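Everything below concerns the one structure shown next.
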Amino acid sequence: AQKITQTQPGMFVQEKEAVTLDCTYDTSDPSYGLFWYKQPSSGEMIFLIYQGSYDQQNATEGRYSLNFQKARKSANLVISASQLGDSAMYFCAMREGGYSGGGADGLTFGKGTHLIIQP
Amino acid sequence: KAGVTQTPRYLIKTRGQQVTLSCSPISGHRSVSWYQQTPGQGLQFLFEYFSETQRNKGNFPGRFSGRQFSNSRSEMNVSTLELGDSALYLCASSLGQPYQPQHFGDGTRLSIL
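For the record, the sequence lines run as chains D and W. Each residue of the first sequence is one higher than the one before, counting from 56 in our numbering. Each residue of the second sequence is one higher than the one before, counting from 4 in our numbering.
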């Protein structure tokens with residue numbers, strides 16, 4: 056079973072509209088972290104936002120917010136007031152476990168959502 | 004603050020050769036992770052180094068290896084290259100705690116002929 060599922064391969068959105076990118080995850084570990092990254096066509100991965108499994112509040116970073124619904128294992132990214140420069144691939148990722156001797160695995164990524172902002 | 008630097012940016016090799024990729028982390032970051040990105044498999048974790056020790060390893064054959072130096076710089080080596088090794092190889096650094104964000108370099112695009 057996939058650990059990270061992003062069900063929207065591509066999205067077209069009008070400039071200035073809000074965007075919600077879906078992400079569901081699968082883990083039995085009570086301790087995990089969820090991350091969103093942006094990858095423009097140039098290739099670099101840009102960190103956007105982080106949510107810890109024990110965090111009580113939804114994370115926010117400027118125009119980005121994470122709608123964390125733990126019981127549903129959902130961590131959707133919300134981009135408010137989209138801009139043309141937001142056009143890119145967006146990846147949801149998870150890191151499970153903590154450093155209890157065995158170490159934590161690396162990031163597990165979803166397949167990504169290709170977001171295109173139209174003027 | 005300088006970001007993660009990966010060299011070279013592009014590399015062309017032939018089957019059977021070996022290749023070494025380099026990654027310089029953000030100053031003060033002690034953890035370096037490597038990822039492979041391909042259109043078919045997406046982003047996959049290769050391994051992570053922390054204080055010169057491999058801390059975690061993904062599900063890749065032994066042809067993929069790495070090391071980390073005392074200044075936290077890391078190298079990744081792929082021996083006996085196969086066509087399927089063509090990919091974007093991304094390096095990421097972090098302070099080392101599990102849930103601190105990893106910051107990525109621009110990647111090395113490796114093409115195997």
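Cβ atoms here follow ideal geometry from the backbone N, Cα and C, with glycine treated the same way. Please read these numbers as outputs of a predicted model, since none were measured by experiment.
Give me the chain D residues within the contact set of residue i, using Cβ-Cβ distance strictly less than 9 angstroms, ordered along the chain.
| i | result |
| --- | --- |
| His32/W | The contacting residues do not exist; His32/W stays about 13 angstroms from chain D at best. |
At a Cβ threshold of 7 angstroms, is residue i touching chain W?
| i | result |
| --- | --- |
| Ser155/D | Only weak support is given to the placement of Ser155/D: the predicted model assigns it a pLDDT of 46, under 50, and the question is left unresolved by the model. |
| Gly65/D | no |
| Tyr105/D | yes |
| Gly117/D | no |
| Gly140/D | no |
| Gln173/D | no |
| Phe123/D | no |
Starting from the beta carbon of residue i, find every residue of chain W whose beta carbon is closer than 9 angstroms, and list them in chain order.
| i | result |
| --- | --- |
| Arg150/D | Pro101, Tyr102, Gln105 |
So, under 8 angstroms CB-CB, residue i and residue j are touching, yes? Tell me the CB distance rounded to an integer number of Å.
| i | j | result |
| --- | --- | --- |
| Leu93/W | Gly108/W | 7 angstroms |
| Thr168/D | Gln61/D | 5 angstroms |
| Gln44/W | Thr83/W | The pair is not a contact, with the Cβ atoms about 19 angstroms apart (cut-off 8 angstroms). |
Using a C-beta to C-beta distance shorter than 7 angstroms, which residues of chain W count as neighbours of residue i?
| i | result |
| --- | --- |
| Gly177/D | The structure shown does not extend to residue 177/D, since chain D is modelled only from 56 to 174, so the question has no answer here. |
Residues of chain D with CB under 8 angstroms from residue i, in chain order?
| i | result |
| --- | --- |
| Phe48/W | Asp160, Gly161, Leu162, Thr163 |
For residue i and chain D, any beta-carbon pair shorter than 7 angstroms?
| i | result |
| --- | --- |
| Leu36/W | First, the residue type needs correcting, since residue 36/W is Ser and not Leu in the sequence shown. Chain D contact via Cβ: present. |
| Gly45/W | yes |
| Asn59/W | yes |
| Arg12/W | no |
| Gln20/W | no |
On a CA-only basis, which of the options is nearest residue i? Give me that one, please.
| i | options | result |
| --- | --- | --- |
| Thr10/W | Pro28/W, Gly87/W, Gln20/W, Thr17/W | Pro28/W |
| Ser135/D | Gln61/D, Val74/D, Asp160/D | Val74/D |
| Gly117/D | Lys128/D, Tyr105/D, Asp110/D | Tyr105/D |
| His106/W | Asn74/W, Pro42/W, His32/W | His32/W |
| Ala114/D | Phe67/D, Pro174/D, Ser96/D, Leu89/D | Leu89/D |
| Ser83/D | Gln124/D, Phe123/D, Lys58/D | Lys58/D |
What does residue i touch in chain W if you count any residue whose Cβ is under 8 angstroms from its own?
| i | result |
| --- | --- |
| Lys166/D | Gly45 |
task: Note down, one range per segment and in chain order, each beta strand (DSSP E) of at least 3 residues found wholly within the segment 131-169 of chain D.
output: Within the segment 131-169 of chain D, the complete beta strand (DSSP E) runs of at least 3 residues are 143-151.
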